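Single-structure report; data block below.
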Amino acid sequence: MKWRRLGKIFDPTEHELANNCKEFAQSPQALILGDRVRVYFSTRERDPSGKYLSHVAFVDFSRDFGRTLGISHATVIELGGLGCFDEHGIFPMNVVKHGGRLLAYTTGWSRRVSVSADASIGLAISEDGGDTFRKHGTGPVLTSSLHEPFLVGDAFVNVYNGTYHMWYIFGTKWMANGRDTRPERVYKIGHATSDDGVNWRKEGRHLIRDRLGGDECQALPTVIRIGDRYHMVFCYRWVYDFRTNKANAYKLGYAYSDDLNNWTRDDSQLGWTVEEHGWDAEMQCYPHLCEVDRRIYLLYNGNDFGRRGFGLAVMSE
Amino acid sequence: MTEFAQSPSVLPMDDCIRVYFCTRPPPDSQGQYRSFLAYVDLDKDDLFRVINVSPKPALSLGRTGAFDEYGTNPISVIRDAEEVRVYYAGWTRCESVPFNAAIGVAISHDGGNSFSRLGEGPVLSYSPDEPFLLGSPRVRKFGGRWHLWYAAGKRWLKPQARPEPVYKIRMASSEDGIEWQKYGRDLIVDRLNADECQASADVGYRDGRYHMFFCFRQGLGYKTRQNGYRIGYASSLDLHTWSREDHLAGIDVSEEGWDSEMIGYPHVFTHNGATYMLYQGNELGRFGFGLSILE
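Below, the structure is given as structure tokens:
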């Protein structure tokens, strides 16, 4: 693979977003509509205690991503009620159009005491073409289980041969790097399938081999089919010191499969080179693959987890 | 452990009647409790005579960030061939509400003295219409099939600073006790009002009918005699449809003493041809559990 980088295409600080959101446009995810590509992302407000709440917003681009056509000015999806899994944020949200339905798979966050947060995957449905989404229940459709004990999130759904496939992540452990530090999480990529997009069966294994060892964190899988091969891009990092240290920060990983069962990890085949300087030099994270007018695009975030927006690359061969 | 003996659950042994329960060390500096699994062995011929008490918790708490990091309470113990299983509600602590719970399972291979969890996560967790607080498990096997009654959270009430949950009795069944199918509806009609909390549904089969004892209380102000836990009763022919007839429970709070304000977490068992009910009393079992016999 080769990629031509088109640079940063959206900066949230240049827009008036709903819900008092000023910064962050994280985990861009595309929905292709008639004359436009709608990109959902998660942005943030600070609550009265100074902590963040993540809200979903969107920006519409022309089909070649050359022009910005508009942004959402109202709430796209409400956060959950008191005690619900998505009370403190939805980040990210993956939108799937299939069989006349427009479904959103949300990662809902809520705060904990001994660790920062837990997460589960919710389902929401749009009946107005993707402007707003209504939740399917107040609880999640995919959550913790015996061997996937917490932090179930980052759903990415595609339908292949009539089966809904979900790639997602689940936590395996919380680790503290010394006595007085907050625990940090480790998570891995998993896979589940469904006949209806609502009731899911987990496959129950780590899908993608670690490159950095057992404490590698893998996030945001995105899958696209090109010919007979399925291609997955995701991001991965070291468990500690990943926020400001480029060596440990998120980078893009890659795996392929010809049967949706066996995945071969080979990051070198992605053909991605990291720049010395610029908006995505320190970190590359939260990738999303989409095909528009026979071009394959990669949306992603750069430095500081997308605080100042997201960018785009187009596959050149 | 100095206080609390909650959620009694019986396991008949060759030489004694073992009663598992949940107990607590003193609270931490913020007044927060943890809760552990323990047991007491009672003389078969005199259930008021204690033979032995577990020397240490029979199950450890979960690791950092796990659903059962802060407690395993309530519990339900069942024998399955050579194994003994405990189903328990694991406690975690949250920021906007005081806690959350999901149901875990642990297995003993030493006859019930010590248990190890089957996984770090829950065996029964949340779903679109059961968003939080899955607790109060009571497990039984009927006709080779596993049945789990549990309480599922509906909403949090917040008329004052500390939110209080509303929860209702639900049910799931399973071939193996691991993969569960939820029934997906509240089983027992409310008697008090929509904010009634229901828990600890203990079901037995007798004379062609399933009998359920459970406890219920008001959603708020329940630490008083007026609003505290009482024991309710329902029966069913098919496990699906339940008729609630609390007057048939045949037990109420005492005029005075350890069970004068609330009675809850009933557990029914038979021994030497008699039917007994264990239950916890005032202050949610701070001072222990007691016994009654079916007349």
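Sequence order for the protein chains is A and B. Just so it is clear: in the first sequence, position 57 is 59 by the working numbering, and no numbers are missing. Just so it is clear: in the second sequence, position 68 is 122 by the working numbering, and no numbers are missing. Note that beta-carbon positions come from the ideal geometry of N, C-alpha and C, so glycine has one too. Since the structure is predicted, the reported quantities are computational estimates derived from the model, not experimental observations.
- Boundaries of the beta strand (DSSP E) around residue 173 of chain A: 165-177.
- Between the region 169-180 of chain A and the region 153-160 of chain A, the count of Cβ pairs shorter than 8 Å is three or higher; the stretches touch.
- One thing to note: residue 248 of chain A has its Cβ within 8 Å of the Cβ of residue 284 of chain A.
- Look at residue 136 of chain A: its C-beta is not under 8 Å from any C-beta on chain B.
- The C-beta of residue 63 of chain A comes no closer than 8 Å to any C-beta of chain B.
- The residue from B:67, B:255, B:112, B:57 with its alpha-carbon nearest to that of residue 87 of chain B is B:57.
- For a Cβ distance threshold of 7 Å, residue set 180, 185 of chain B lies close to residue 87 of chain A, ordered along the chain.
- The three-state reading of DSSP puts residue 303 of chain B in helix, counting H, G and I together.
- Counting only Cβ-Cβ distances below 7 Å, residue 196 of chain A has no contacts in chain B at all, with the closest Cβ about 13 Å away.
- Considering only beta carbons, the part of the region 182-214 of chain A lying closer than 7 Å to chain B consists of 185, in chain order.
- Your pair residue 250 of chain B and residue 270 of chain B checks out as a contact, with CB atoms roughly 6 Å apart and the cut at 8 Å.
- Collapsing the DSSP output to three states places residue 337 of chain B in a helix.
- Every beta strand (DSSP E) of 3 residues or more that sits fully in the region 198-242 of chain B is shown, in chain order, as 199-211, 218-228, 234-236.
- Chain-ordered, the chain A residues with CB closer than 8 Å to the CB of residue 151 of chain B read 84, 85.
- Annotation: the continuous beta strand (DSSP E) that includes residue 258 of chain B extends over 251-260.
- Measuring C-alpha to C-alpha distances from residue 216 of chain B to each of A:85, A:225, A:240 identifies A:85 as the nearest.
- Residue 125 of chain B is outside the set of residues whose beta carbon lies under 8 Å from a beta carbon in chain A.
- Taken atom to atom, the span from the alpha-carbon of residue 268 of chain A to that of residue 133 of chain B is near 49 Å.
- Looking at the DSSP output, residue 145 of chain B shares a beta bridge with B:125, B:155.
- Distance check between residue 122 of chain B and each of B:109, B:106, B:146, B:141 places B:146 closest, using alpha-carbon atoms only.
- DSSP, reduced to helix, strand and coil, places residue 293 of chain A within a strand of the structure shown.
- By the rule that beta-carbons nearer than 8 Å mark a contact, residue 119 of chain B touches chain A.
- In terms of beta-carbon proximity, residue 47 of chain A stays away from the interface with chain B, with every pair separated by 8 Å or more.
- Less than 8 Å separates the beta-carbon of residue 314 of chain A from that of residue 67 of chain A.
- Under the three-state reduction of DSSP, residue 249 of chain A is assigned to helix.
- By the C-beta criterion, the region 275-283 of chain B is judged not to be in contact with the region 256-267 of chain B, since fewer than 3 inter-stretch pairs fall below 8 Å.
- Listed in chain order, the positions of the region 209-231 of chain B with a beta carbon within less than 8 Å of a beta carbon of chain A are 209, 210, 212, 217, 219.
- Residue environment for residue 110 of chain B: exposed (fewer than 16 other C-beta atoms within 10 angstroms of its C-beta).
- Taking a 10 Å sphere around the C-beta of residue 231 of chain B, we find 16 or more other C-beta atoms and assign the residue as buried.
- Per DSSP, reduced to three states, the secondary structure at residue 224 of chain A is strand.
- With a cut-off of 8 Å on Cβ pairs, the region 56-72 of chain B is not in contact with the region 85-104 of chain A, counting fewer than three such pairs.
- The DSSP-derived three-state label of residue 16 of chain A is helix.
- For residue 136 of chain B, there is no enclosing beta strand (DSSP E), as DSSP marks it with neither H nor E.
- Pairwise C-beta distances place the region 214-228 of chain A in contact with the region 186-198 of chain A, as three or more of them are shorter than 8 Å.
- Buried is the label assigned to residue 93 of chain B, since at least 16 other Cβ atoms lie within 10 Å of its Cβ.
- A distance below 6 Å between beta-carbons, with the five flanking residues on each side excluded, links residue 175 of chain A to the following residues of its chain, in chain order: 188.
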